[in-house]
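The block underneath contains the structure these notes are about, expressed in structure tokens.
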Amino acid sequence: MRWQQTAAKKWTLRHCVSGLVMAIALTGGMSVMSTAVAQNYAISDEDDATPADPNAPAAIVWDKKRLDRLDRNVRKLERAVQKTENKAAPPILVEPDPEVVALQATVDFLSRKLDEQAAVLTRLTGQLEEANFAATQAQSQVQALTARTDTLTKRVDLLDAKSKDFEAALAGPPPPPPTTGSAEADFDQAYSLMSSNQLDEATTAFEAFTTQWPKSAQVAEAWFRLGQIRTMRGDISGSVAAYATSLKGWPKASWAPESTVKLATALADLNRKVETCAALTEFDKRYAAQASAPMKSQAKALKGKAQCAA
Numbered sequence: 000m001r002w003q004q005t006a007a008k009k010w011t012l013r014h015c016v017s018g019l020v021m022a023i024a025l026t027g028g029m030s031v032m033s034t035a036v037a038q039n040y041a042i043s044d045e046d047d048a049t050p051a052d053p054n055a056p057a058a059i060v061w062d063k064k065r066l067d068r069l070d071r072n073v074r075k076l077e078r079a080v081q082k083t084e085n086k087a088a089p090p091i092l093v094e095p096d097p098e099v100v101a102l103q104a105t106v107d108f109l110s111r112k113l114d115e116q117a118a119v120l121t122r123l124t125g126q127l128e129e130a131n132f133a134a135t136q137a138q139s140q141v142q143a144l145t146a147r148t149d150t151l152t153k154r155v156d157l158l159d160a161k162s163k164d165f166e167a168a169l170a171g172p173p174p175p176p177p178t179t180g181s182a183e184a185d186f187d188q189a190y191s192l193m194s195s196n197q198l199d200e201a202t203t204a205f206e207a208f209t210t211q212w213p214k215s216a217q218v219a220e221a222w223f224r225l226g227q228i229r230t231m232r233g234d235i236s237g238s239v240a241a242y243a244t245s246l247k248g249w250p251k252a253s254w255a256p257e258s259t260v261k262l263a264t265a266l267a268d269l270n271r272k273v274e275t276c277a278a279l280t281e282f283d284k285r286y287a288a289q290a291s292a293p294m295k296s297q298a299k300a301l302k303g304k305a306q307c308a309a
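Structural data, given as structure tokens:
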């Protein structure tokens, strides 16, 4: 039964193909004949021409596009028949379409251009990476040079400061200002230098005052001012000597309470606790009544720090 169905299918496909080819041939021939007749009819005299039947079907015009479509259909039917008969289909040669060929050429051209652009992009990327690496190296070198320059600048500044200190040490203290001939005027002159922060000049002026006017009533205050100047310059031992000298005889001057507290402070900085407590004891006994509130608070704090007995 199966071979009979297969044979029937083959017979049907063959006859369909044959019929279609015959229809194409007949139709094409009829089209050619119709065209010839129409041409002959158009050439004949108009008076003798018979008008065309309006109800007659329009003639089929077999242009190249329609014929190509029919040709493709015939080839499909042939392949179907050959597949049914289990025969290898021979290669079908199809004339290439000019538009497809032109499009394929354009695609090939653009593909080559794309490959070229990709190669250029790859090359530029490599150059950019090399430039970035060179820039990173240069930045590292600049940072290293900057750090080295900063170090050298600091060393130069330090050497310059030491050089100035060395020059100052070689030059020695400045000479004291000339005396005015009056103890009070000389003291005011030294105090003015101290107030204007000319500490070197003020030091020599007060030291000269203590030498030139040893019996002046202001000599004790001159030693107190020397103690202040030495404290500002960080000379703790020198300030202790100056404050102690200013307090000889325990003067009743307005600056005496401050001189006593500053003496105790300098002694505490030198870790001389016994002497610190002794100075604070004298402060309580001699100057606490007339001292200012800040001086009293500072003295109380020093007692606690030095652990002085109440």
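Position 65 of the sequence shown, counting from 1, maps to 64 under numbering that gives the first Met the number 0, and the rest follow consecutively.
Ideal Cβ positions, reconstructed from N, Cα and C, are used throughout, including at glycine.
The model shown is predicted, which means the values in this text are computed figures rather than measured ones.
Residue burial is scored here from C-beta neighbours: residue 186 has at least 16 other C-beta atoms within 10 angstroms and is therefore classed as buried. In the assembly as shown, residue 205 is a buried residue. Its beta-carbon has 16 or more other beta-carbons within 10 Å.
The alpha helix (DSSP H) runs of length 4 or more contained entirely in the stretch 233-287 are, from start to end of the chain, 235-245, 255-268 and 272-281.
In this structure the stretch 147-165 does not lie against the stretch 129-139, because fewer than three pairs of beta carbons, one per stretch, are closer than 8 Å.
Looking at the backbone, the Cα of residue 282 and that of residue 193 are separated by about 26 Å. Between residue 251 and residue 226, the C-beta gap is not smaller than 9 Å, which leaves the two residues out of contact. With contacts defined as CB atoms closer than 9 Å, residue 217 and residue 182 qualify as a contacting pair.
Under the 10 Å beta carbon count, residue 71 is surrounded by fewer than 16 other beta carbons and is classified as exposed. Contact annotation, residue 304 with residue 279: C-beta distance approximately 10 Å; criterion of less than 8 Å not satisfied.
Contact annotation, residue 256 with residue 289: C-beta distance approximately 6 Å; criterion of less than 8 Å satisfied.
A direct Cα-to-Cα measurement between residue 123 and residue 116 gives close to 10 Å.
Per DSSP, the continuous alpha helix (DSSP H) segment holding residue 295 begins and ends at 292-305. Scanning 249, 189, 259 and 287 for the CA closest to the CA of residue 238 turns up 259. No residue range can be given for residue 62, since it is assigned to no alpha helix (DSSP H) and is classified by DSSP as neither H nor E. Shown here, residue 142 sits in a helix according to DSSP, grouped into three states. By the 16-neighbour rule on beta-carbons within 10 angstroms, residue 224 is buried.
Contact between residue 203 and residue 177 is ruled out by a C-beta separation of about 12 Å, above the 8 Å threshold.
Cβ-Cβ separation between residue 231 and residue 266: approximately 18 Å, too far for a contact (criterion under 8 Å). DSSP, reduced to helix, strand and coil, places residue 196 outside both helices and strands of the structure shown, so it counts as coil. For residue 230, the uninterrupted alpha helix (DSSP H) segment begins and ends at 218-231. Comparing alpha carbon positions, the residue from 155, 207 and 248 closest to residue 180 is 207. Looking at 294, 228, 156 and 154, the one whose alpha-carbon comes closest to that of residue 189 is 228. With a threshold of 16 other beta carbon atoms within 10 Å, residue 175 meets it and is buried.
Judged by beta-carbon spacing, residue 222 lies within the 9 Å limit of residue 245, meaning their Cβ atoms are closer than that value. The Cβ-Cβ distance between residue 247 and residue 219 falls below 9 Å. By the Cβ-count criterion, residue 263 is buried, with 16 or more other Cβ atoms from all chains shown falling within 10 Å of its own Cβ. Contact between residue 295 and residue 308 does not hold, since the beta-carbon distance rounds to 18 Å and is not under 8 Å. Taking the Cα positions, residue 272 is about 35 Å away from residue 211.
In this structure, the beta-carbon distance from residue 254 to residue 285 does not fall below 9 Å.
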